[in-house]
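Heads up: the sequence shown begins at 37 in our numbering, then just goes up one per residue.
Structure record follows, encoded as structure tokens.
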Amino acid sequence: MPLEIVYTSDFLKTAKKLPVNVHNKLAKQIGTLEQNPFHSVLHTKPLTGQLAGFYSFRITRDWRG
């Protein structure tokens, strides 16, 4: 089953406030995510608890989406 990418309003607000270099990297990583959600560069991880069923991915070493 393909993954559905969901952009919450909180995510969009936060993304607008990211430093330019992180925002640019986010755009690149989203492109990779759309092509292959489990590409090794993304370090995709399943979330737990209330967010079980969702995944996060690495934007940079310091930022996850």
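Every residue, glycine too, gets a C-beta built ideally from N, C-alpha and C.
All figures in this text were calculated on a predicted structure; none of them were measured in a lab.
Nearest candidate by alpha-carbon position, reference residue i, set the options
i          : options        : result
residue 74 : 57, 52, 92     : 92
residue 48 : 40, 63, 39     : 63
residue 41 : 71, 85, 76, 98 : 71
residue 98 : 55, 76, 43, 86 : 55
Exposed unless 16 or more other CB atoms sit within 10 angstroms - verdict on residue i
i           : result
residue 101 : buried
Beta-carbon proximity list for residue i, same chain, < 7 Å, skipping 5 on both sides
i          : result
residue 78 : 65, 68, 69, 93, 94
Close-in-space but distant-in-sequence residues of the same chain around residue i (CB under 6 Å, 5 per side omitted)
i          : result
residue 82 : 91
Residues of its chain near residue i, where Cβ-Cβ distance is below 8 Å and the 5 sequence neighbours each way are ignored
i          : result
residue 88 : 82
residue 96 : 58, 61
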